[in-house]
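Undergrad: The listed protein sequences derive, respectively, from chains A and B. Per my numbering, the very first residue in the first sequence carries number 1; after that it's consecutive. Per my numbering, the very first residue in the second sequence carries number 352; after that it's consecutive. Take a look at the following structure, please.
Protein chains: 2
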Amino acid sequence: MRDTAGYEPLDERARNILMAVVQSFIQTAEPVGSRTISKRFEFGLSPATIRNVMADLEEMGFLEQPHTSAGRVPTDKGYRYYVDHLQGPEALSAEEAALIAQRFPPYRGEMDEVIAEISRLLSELSRYAGIVLRTLASAVFSRVELVKVRGPQVLAIFVLESGMVHHKLITLEEEMTQDELQRIANYLNQEFAGQPLRLIRQRIAERMAEEKVQYDQLLRQAMQVGGKTFEEAAKKDEEIVLGGTANIIDQPEFQSNTERMKELLRAFEDKSRLIRILDKCLEEPGVNVIIGSETPFKDVHECSFVTRTFHSGDRTIGVLGVVGPKRMAYPRVMALVDYTANLVTQLLTQG
Amino acid sequence: MRDTAGYEPLDERARNILMAVVQSFIQTAEPVGSRTISKRFEFGLSPATIRNVMADLEEMGFLEQPHTSAGRVPTDKGYRYYVDHLQGPEALSAEEAALIAQRFPPYRGEMDEVIAEISRLLSELSRYAGIVLRTLASAVFSRVELVKVRGPQVLAIFVLESGMVHHKLITLEEEMTQDELQRIANYLNQEFAGQPLRLIRQRIAERMAEEKVQYDQLLRQAMQVGGKTFEEAAKKDEEIVLGGTANIIDQPEFQSNTERMKELLRAFEDKSRLIRILDKCLEEPGVNVIIGSETPFKDVHECSFVTRTFHSGDRTIGVLGVVGPKRMAYPRVMALVDYTANLVTQLLTQG
DNA sequence: TTTAGCACTCAACGGCAAAGAGTGCTAACA
DNA sequence: TGTTAGCACTCTTTGCCGTTGAGTGCTAAA
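Written out as structure tokens, the structure is:
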């Protein structure tokens, strides 16, 4: 939900007509005219009256015309108003809910496969693209194991409080024995267990600057290894998976315009930008909708994002959702995303 | 290289003209007529003569006409003949080779990032899609570490001879102590170090059937854990990454035909089919070319694959390559793929 | 054997008129 | 005063049609 202030007040009739335009356009992808609305919806108003109202709505910035003699199309502001104030909440049908639950992947501590499967599931059910971001930003450290691989290469496996496991291959400045590594691991576990990764990184940076670290060999080595372990982790802090991008080709708005389509597919290949967008969603509670130009990235201004965070216990693990054209079936997709996020949370929490 | 037998012998002139048609079509994506060839190539032949030869080539199945009054287009058989017998080997320019070497990712035992980066590199340089398959089929086991996570969950980390590291979370039937796990790991290391994963799986299956295993607790437990460890590994035996799929949208043959484009993008999303295709390439030494209908999968009949295996020492690690339209700049792409595969092999071998 | 000439085919292009959807404005109506 | 019918106007879409041009196959001459 965005701030609702700053809108000119719309009377009942204007709201109804705006709703009719948005819904009709979402269904047909054709600009909608006054005649169409007058026929298809039972407002008991003539096209002429509707025209007047639509002209008002256009002036207020909710609608626009592709060209003079065409019908109207919602603007981003129009979609926003629709999402925030007009659409009723839609529940998933029982069959659909059952279908999702049935297709739900099993979880055995390996997030990667779950993420991939969920994004596929979301894309199939929405017929748009599915997207999942997994973050370690608020992950809590539980334990690390250090395994000598060969030479100065060491495998650091760290287990998170949520039961998730990550591993990183790090290269030390000087070779150490497995015994030394064991001692270091013990130290790190004792010192940092139960703390968020974010904080640990900070602590290590602080300690390394402290004087006494210079004199204590174990401490010095521990900080070196710990630094590498947790710093390296940062690189994989966020993992993002997209599924079903081919679905967007079916959308008529891109069919005719291959230029836009190319732009969009390229945007989807550049994960870093998507991460930036979804990062914002991590802070939003509940189902979050981003419409077209509400993101700062021009190549996705023709898209909307519907997302929701998912958790393990009270830790935020990531965010999942659907990317589709602005002309998206919002109520349905929002219900789908909400339901799926709940299921994932359940899976991770009790798993 | 395919079998060269079974071709009607082509005389010098026919070969030249076939080559001209293929090259011209690769360049322009337009069906090529007799007039064009007569002008652009210095054969000293009139269009009429060329027409006769082209008619012969069409009868033999090397060329075809989209419609009566259009020029000719190579068939898959035509491309095949071109690739096998007509194109000269092309070397990468020094600048390009340098560019690749410079953009080459560093390697520190983590394959995942290398694979992703290589596929991106291949796609950027070829302007088609880059593809990399990593396989464990011929991987050799070096060492395993078993780490208790919580309850019956155990993290199995296995190091391969090539220095690569994989991990799998497995769930035991009964909880074990870290000490027991350590003993089991020792046993597995002693027993199986230096053997291919493939073979190990087989051995374990055999042993589990043996009678004496029933009486020896350590052995029984070891087989149970080993079975899970190596069996689980099979699931991730093959990993495939595609980069730059958006590039294919630029190809004129797909621009006009969104139906084909959709089909192709969907095919790219179904990794299992791509794996099947690339699996075949694993057995081919040298640069391998697959043209259109030479794969059994209809959705990629408009594409060609150019691939080459890469190695660590004498072990095959995977296969990399480029996927593009059949109308592909074969000599250039083949040189690129060859060079890149060599670099990767070098990286993995000395790394 | 090669080539010039010719009749033929067919996609592509441009122009044009008709159709159709939609609008804004005005005047009449309840 | 709000609503609506009517109307003139705009502009895209569609279909039609003739023209153009690239390309072919065939035949007959060099």
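Backbone N, C-alpha and C define an ideal beta-carbon position, used for all residues, glycine too. Source: prediction; values computed, not measured.
Judging by CA-CA distance, which residue of A:R203, A:T49 and A:K148 is the nearest neighbour of A:M176?
TA: What you label residue 176 of chain A is simply residue 176 of the first sequence in a count that begins at 1. Out of A:R203, A:T49 and A:K148, A:K148 has the C-alpha closest to the C-alpha of A:M176.
Undergrad: Express the C-alpha separation of A:N288 and A:K271 in angstroms, rounding to a whole number.
TA: By one-based count along the first sequence, residue 271 of chain A stands at place 271. By one-based count along the first sequence, residue 288 of chain A stands at place 288. Between A:K271 and A:N288, the C-alpha separation is close to 20 Å.
Undergrad: Compare the C-beta of B:V424 against all C-beta atoms of chain A and say whether one is closer than 7 Å.
TA: Counting from 1 along the second sequence, the entry for residue 424 of chain B is found at position 73. No, B:V424 does not count as interfacial toward chain A.
Undergrad: Mark B:Q575 as exposed unless 16 or more other C-beta atoms lie within 10 angstroms of its C-beta, in which case mark it buried.
TA: Along the second sequence, read from residue 1 onward, the residue named residue 575 of chain B stands at position 224. Classification for B:Q575: buried.
Undergrad: Measuring alpha carbon to alpha carbon, tell me which residue in A:L264, A:E302 and A:F297 is nearest A:A246.
TA: Numbered from 1 along the first sequence, position 246 holds the residue referred to as residue 246 of chain A. Looking at the Cα atoms, A:L264 is the closest of the given residues.
Undergrad: Going straight from the alpha carbon of A:F297 to that of B:V373, what length do you get?
TA: For the purposes of this step, residue 297 of chain A is taken as the residue at position 297 of the first sequence. For the purposes of this step, residue 373 of chain B is taken as the residue at position 22 of the second sequence. Straight-line Cα distance between these residues: approximately 42 Å.
Undergrad: Which runs of the alpha helix (DSSP H) at least 4 residues long sit entirely within the region 177 to 210 of chain A? Give them in chain order.
TA: 178 to 192 and 197 to 209
Undergrad: Under three-state DSSP, which class holds B:G422?
TA: Here residue 422 of chain B refers to the residue found at position 71 when the second sequence is read from its first residue. Reduced to three states, the DSSP call for B:G422 is coil.
Undergrad: Would B:T609 pass as an interface residue toward chain A - the criterion being a Cβ-Cβ separation below 7 Å?
TA: Your numbering for residue 609 of chain B matches position 258 in the second sequence. Yes, because at least one Cβ of chain A sits closer than 7 Å to the Cβ of B:T609.
Undergrad: Could you check what DSSP says for A:L136 in three-state terms: helix, strand or coil?
TA: Here residue 136 of chain A corresponds to residue number 136 of the first sequence, with the count starting at 1. Coil at A:L136, not helix or strand.
Undergrad: Chain B partners of A:E410, CB-CB under 7 Å?
TA: In this structure chain A extends from 1 to 351, so residue 410 of chain A is not present and cannot be described.
Undergrad: Determine whether the Cβ of A:L382 lies closer than 7 Å to any Cβ atom of chain B.
TA: Residue 382 of chain A lies beyond the residue range present for chain A, which begins at 1 and ends at 351; the question has no answer from this structure.
Undergrad: Which residues of chain A have a Cβ atom closer than 7 Å to the Cβ of B:A597, listed in chain order?
TA: Sequence index remark: in the second sequence, residue 597 of chain B carries index 246 (1-based). What B:A597 touches in chain A: K262, L265, R266 and E269.
Undergrad: Give me the Cα-Cα distance between A:E173 and A:P152, rounded to the nearest whole angstrom.
TA: Looking up residue 173 of chain A in the first sequence gives position 173. Looking up residue 152 of chain A in the first sequence gives position 152. So the alpha carbons of these two residues sit roughly 7 Å apart.
Undergrad: Let me check understanding here. Comparing Cα to Cα, which of B:G514, B:D427 and B:I466 lies closest to B:I641?
TA: Position 290 of the second sequence, counting from 1, holds the residue named residue 641 of chain B. It is B:D427.
Undergrad: For A:I249, would you say it is in contact with chain B, using Cβ-to-Cβ distances shorter than 7 Å as the test?
TA: As a working note, residue 249 of chain A is residue 249 in the first sequence. Yes, because at least one Cβ of chain B sits closer than 7 Å to the Cβ of A:I249.
Undergrad: Does the beta carbon of A:A20 sit closer than 7 Å to a beta carbon anywhere in chain B?
TA: Translated into positions along the first sequence, residue 20 of chain A becomes position 20. Chain B, which has no Cβ nearer than 7 Å to the Cβ of A:A20, makes this no.
Undergrad: My parser needs the alpha helix (DSSP H) runs of 4 or more residues fully inside the region 43 to 112 of chain A; what are they?
TA: 47 to 59, 76 to 81 and 94 to 103
Undergrad: Is the shortest distance between the beta-carbon of B:E461 and the beta-carbons of chain A less than 7 Å?
TA: Here residue 461 of chain B is taken as the residue at index 110 of the second sequence, counted from 1. Answer yes: the Cβ-Cβ gap between B:E461 and chain A drops below 7 Å somewhere.
Undergrad: Cβ closer than 8 Å: which chain B residues qualify as neighbours of A:G163?
TA: Sequence index remark: in the first sequence, residue 163 of chain A carries index 163 (1-based). In chain order: V500, R501 and Q504.
Undergrad: Is A:E110 closer than 7 Å to B:L487 when the C-beta atoms are compared?
TA: The residue you call residue 487 of chain B lines up with position 136 of the second sequence. The residue you call residue 110 of chain A lines up with position 110 of the first sequence. No, the Cβ-Cβ distance between B:L487 and A:E110 is not below 7 Å.
Undergrad: Which chain B residues sit within Cβ distance under 7 Å of A:E171?
TA: Counted from its first residue, the first sequence places residue 171 of chain A at position 171. In the sequence under discussion, the amino acid at residue 171 of chain A is Thr, which differs from the Glu named in the question. Under the 7 Å cutoff, chain B gives R459.
Undergrad: On the criterion of 16 or more Cβ atoms from any shown chain inside 10 Å, does A:M1 qualify as buried, or is it exposed?
TA: Locating residue 1 of chain A in the first sequence gives position 1, where the first residue counts as 1. Residue placement at A:M1 is flagged as unreliable, the pLDDT there being 46, under the threshold of 50; the coordinate-derived value follows with that caveat. By the neighbour-count rule (16 or more Cβ atoms within 10 Å), A:M1 is not buried but exposed.
Undergrad: What does the Cβ neighbour count give for A:A20, buried or exposed, with the cut at 16 atoms within 10 Å?
TA: By 1-based counting over the first sequence, the position of residue 20 of chain A is 20. A:A20 comes out buried.
Undergrad: Should A:E145 be flagged as near chain B, meaning a C-beta pair shorter than 7 Å?
TA: Your numbering for residue 145 of chain A matches position 145 in the first sequence. Chain B, which has a Cβ nearer than 7 Å to the Cβ of A:E145, makes this yes.
Undergrad: Could you give the first and the last residue of the continuous alpha helix (DSSP H) run that contains A:L348?
TA: The residue given as residue 348 of chain A occupies position 348 in the first sequence. From DSSP, the alpha helix (DSSP H) with A:L348 extends over Y330 to Q350.
Undergrad: Determine whether the beta carbon atoms of B:V684 and B:L633 lie at a separation below 7 Å.
TA: The count along the second sequence starts at 1 and reaches residue 684 of chain B at position 333. The count along the second sequence starts at 1 and reaches residue 633 of chain B at position 282. Contact: no.
Undergrad: For the 8 Å Cβ check, are there 3 or more pairs between the region 235 to 245 of chain A and the region 123 to 134 of chain A?
TA: yes
Undergrad: For a test of the three-state rule: what should DSSP assign to A:L125, helix, strand or coil?
TA: As a position in the first sequence, residue 125 of chain A is number 125, starting the count at 1. Helix, per DSSP.
Undergrad: For A:A156, name the three-state secondary structure that DSSP assigns.
TA: As a first step, residue 156 of chain A must be located in the first sequence, where it is residue number 156. The DSSP-derived three-state label of A:A156 is strand.
Undergrad: Under 8 Å by Cβ, that's how I've got B:A680 and B:V651 pegged, so tell me the actual separation to the nearest angstrom.
TA: For the purposes of this step, residue 680 of chain B is identified with residue 329 of the second sequence, where counting begins at 1. For the purposes of this step, residue 651 of chain B is identified with residue 300 of the second sequence, where counting begins at 1. Not quite, the Cβ-Cβ distance comes to about 19 Å (not below 8 Å), so this is no contact.
Undergrad: Given that B:V651 touches chain A, what residues does it touch there, using C-beta distances under 7 Å?
TA: Start at 1 with the first residue of the second sequence, and residue 651 of chain B comes out as number 300. None at all; the shortest Cβ gap to chain A is about 14 Å.
Undergrad: Would B:R552 pass as a contact of B:F509 if the rule is Cβ separation under 7 Å?
TA: Position 201 of the second sequence, counted from the first residue, corresponds to residue 552 of chain B. Position 158 of the second sequence, counted from the first residue, corresponds to residue 509 of chain B. No, they are not a contact pair.
Undergrad: Just tell me which of B:A692, B:G637 and B:V657 has its CA closest to the CA of B:R431.
TA: One-based indexing of the second sequence puts residue 431 of chain B at position 80. Residue B:V657 is the option with its Cα nearest to B:R431.
Undergrad: Near A:S293, what residues of its chain come up, given a Cβ to Cβ distance below 6 Å and the 5 sequence neighbours on each side ignored?
TA: If you number the first sequence from 1, residue 293 of chain A lands on position 293. Excluding positions up to five away in sequence, the list reads D76 and H301.
Undergrad: For A:R15, which of helix, strand or coil comes out of DSSP?
TA: Residue 15 of chain A sits at position 15 when you count from the first residue of the first sequence. Helix, per DSSP.
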